[in-house]
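Structure record follows, encoded as structure tokens.
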Amino acid sequence: MEGPLLTDLYQFSMLDAYWAQDMTETAVFEFFVRRLPARRGFLMAAGLEQVIDYLETLCFGAEEIGQLRRCGRFGDDFLDRLAAFRFTGDVDALPEGTIFFADEPAIRVTAPLPQAQLVESRLVNLLHFQTLVASKAARMVLAAPGKQLVDFGMRRAHGAEAALLAARACYLAGFDGTATLAAGIRFDIPVFGTMAHSFIQAHDSEAEAFEHFARARPQGVTLLIDTYDTERAAELVTRVAPRLKADGIAIQAVRLDSGDLGGHARKVRAILDAAGLHEISIFASGGLDEDQLAAFTRDQVPIDGYGIGTCLTTSYDAPALDCAYKLQEYGGVPRRKQSEGKATWPGRKQVWRRLRDGRMAGDLLAQHGAPHRGYPLLRPVMRDGRRIGGAPSLDTAREHASAELGILPVSLKALLPTSYPVEVDMSLKLLAAECDQRIAERNCTL
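So the sequence shown is numbered by our numbering: it starts at 16 and just counts up by one.
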């Protein structure tokens, strides 16, 4: 399902036409977001590692060529040429975890036109989803500082790959781990788990269920206490805990999953503290989003960690980004789309960021190659179809994401943020005007 045929038909149709006309000069495409979703003050770049893996390994084996041949849409010459296809281009990109804004390229692909075109659909697919989830997760990290955050979203994710990549994206953004076992194994992410209500229901009493579970899984015991009566179950925990402790088993946390989580948390904390069980933490889940996390933080609700599911892996309030992958240069000539509401800035671009007092103060979108104040965000990651250096670890990307959140202006950390200044350099505006004039002159001669 992750093979080279996972793309749009029109990519192959254009590839066929490009090769027929020998249009193979160097093209430059850039991936960017046209506008931020409502209530988003920033985005966090994610998915680059999967893009690089895709580009490095992109090829068409006998099985794929056979499938295309059987569909009857393409000729033998095209299929023979496709069998030798490899990506040989360059890629510059924002490091994963970098904060970026509308119109700023997150990745730039420079390659022969057929190559740069063919990779569009899968590249957008990979970058869009992880950026979407990482940006949502970053809001939750900011809303609940110092709290444990765990991805609980696999069962509501839109498919298997989405579940895996969502776990990766939210860990990158600052979550502590995931409940998705396969993601933990694949990406070396810490894995967390408690129990389901069915485990409690399968027993004749909650106390029995608690003891059976703790003795079977004595490390990091977390007990789910809202199956019947939350406060009554908390009282049971205070009676079960000493018996388990006598056998060297410590209850690490109790979990709340329904009802008035804030109210229950205060009552449960009081019950545990009265029994001297101050070390048992309270973990909550159940349809949570960043607004609820921020409210719990503001009201100092005694919840120590959260499991976040549907709202995270589906980015429930903003389930898509208005993103694009557009041609900006071909054959050394800047190109520009003029479509109403979708016009692009032409040419290769760089983003320059300025800091003031250690915080982000403004970005400049400018032509690539000319130095400006601040520091450049796009960095080389592939040359001639091969990765530059080794693959950065997910933990390295996670550290970069944390540093990026640390230099956000205070206004952007709010859930209802103000705008951030992104200027367009005058030279880029003049280049756009030149492109417009050239397009008008050439269209008039046809």
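Where a beta carbon is used, it is the ideal one built from N, C-alpha and C, also for glycine.
Bear in mind that the values here come from a model prediction, so they are computed numbers and not experimental data.
{"Asked": "Contact under 8 Å by Cβ, Arg230 with Ile264", "Found": "yes"}
{"Asked": "For Ile240, three-class secondary structure by DSSP", "Found": "coil"}
{"Asked": "Contact under 8 Å by Cβ, Leu430 with Trp360", "Found": "no"}
{"Asked": "Selection from Asp191, Leu141 and Phe167 that minimises the alpha carbon distance to Leu414", "Found": "Just to set this straight, residue 414 is Glu in the shown sequence, not Leu. For the residues Asp191, Leu141 and Phe167, the minimum Cα distance to Glu414 belongs to Asp191."}
{"Asked": "Limits of the unbroken beta strand (DSSP E) element including Lys357", "Found": "Where Lys357 is concerned, there is no enclosing beta strand (DSSP E), given that its DSSP letter is neither H nor E."}
{"Asked": "CB contact flag (Ala268, Ile295, <8 Å)", "Found": "yes"}
{"Asked": "Inter-residue Cα distance where the pair is Glu344 and Ala412", "Found": "30 Å"}
{"Asked": "Beta-carbon gap between Glu438 and Leu392 smaller than 8 Å", "Found": "no"}
{"Asked": "Run of the beta strand (DSSP E) containing Gly322, from where it starts to where it stops", "Found": "Gly320 to Ile323"}
{"Asked": "Boundaries of the alpha helix (DSSP H) in which Gly199 is found, first to last residue", "Found": "Leu196 to Phe202"}
{"Asked": "Whether Gly167 touches Ile323 by CB criterion (8 Å)", "Found": "Note that residue 167 corresponds to Phe in the displayed sequence, not to Gly. Yes, the Cβ-Cβ distance between Phe167 and Ile323 is below 8 Å."}
{"Asked": "Where Gln65 sits in the DSSP three-state scheme", "Found": "helix"}
{"Asked": "Ala447 beta carbon near the ligand MG (any heavy atom closer than 7 Å)", "Found": "As far as ligands go, the structure on display features none, and thus does not contain the ligand MG."}
{"Asked": "For Leu51 and Thr125, the rounded distance between their alpha carbons", "Found": "26 Å"}
{"Asked": "Identity of the residues DSSP links to Ile114 by a beta bridge", "Found": "Met59"}
{"Asked": "Neighbour-count burial assignment, Cys450, 16 or more Cβ in a 10 Å radius", "Found": "buried"}
{"Asked": "Option in Lys352, Leu239 and Asp31 with minimal Cα separation from Pro11", "Found": "Given a span of 16 to 461 for the chain in the structure shown, any question on residue 11 remains unanswerable."}
{"Asked": "Cβ pair Gly389, Arg363 closer than 8 Å", "Found": "no"}
{"Asked": "Arg371 burial status per 10 Å Cβ neighbour count (16 or more: buried)", "Found": "exposed"}
{"Asked": "Pairwise C-alpha distance: Ala256 and Gly174", "Found": "39 Å"}
{"Asked": "CB contact flag (Phe46, Tyr340, <8 Å)", "Found": "yes"}
{"Asked": "Residues near Val347 by beta carbon distance below 8 Å, same chain, minus five either side", "Found": "Contrary to the premise, residue 347 reads as Gly rather than Val in this sequence. Counting only Cβ-Cβ distances below 8 Å, and skipping sequence neighbours, we find Glu40 and Thr41."}
{"Asked": "Among Ala158, Val134, Thr193 and Thr113, nearest to Thr146 - alpha-carbon criterion", "Found": "Thr113"}
{"Asked": "Top-ranked residue by Cα proximity to Gly278, from Asp304, Ala310 and Leu109", "Found": "Ala310"}
{"Asked": "Inter-residue spacing [alpha-carbon to alpha-carbon] between Pro432 and Leu423", "Found": "11 Å"}
{"Asked": "Three-pair Cβ contact test at 8 Å for the stretch 64-84 versus the stretch 96-106", "Found": "yes"}
{"Asked": "Option in Asp262, Leu239, Arg85 and Arg54 with minimal Cα separation from Ser273", "Found": "Leu239"}
{"Asked": "Ala256 in three-state terms, based on DSSP", "Found": "helix"}
{"Asked": "Chain C contact for Arg402 (CB, 8 Å cutoff)", "Found": "In the displayed structure, chain C is absent; only one protein chain is listed."}
{"Asked": "Whole alpha helix (DSSP H) elements within the stretch 277-358, 4-residue minimum", "Found": "305-313 and 325-328"}
{"Asked": "For Glu45, the residue or residues it bridges with in DSSP", "Found": "Arg123 and Lys341"}
{"Asked": "Whole-number beta carbon distance between Glu246 and Ile297, since they are thought to touch under 8 Å", "Found": "Between Glu246 and Ile297 the Cβ distance is about 13 Å, and since that is not below 8 Å, they are no contact."}
{"Asked": "CB contact flag (Leu109, Ala60, <8 Å)", "Found": "yes"}
{"Asked": "The beta strand (DSSP E) enclosing Met397, as first and last residue numbers", "Found": "Arg394 to Arg398"}
{"Asked": "Simplified DSSP assignment, three categories, for Tyr33", "Found": "helix"}
{"Asked": "Contact set for Met375: own chain, Cβ-Cβ below 8 Å, skip 5 residues either direction", "Found": "Ile114, Arg368, Arg369, Ile422, Leu423, Pro424, Leu427 and Tyr435"}
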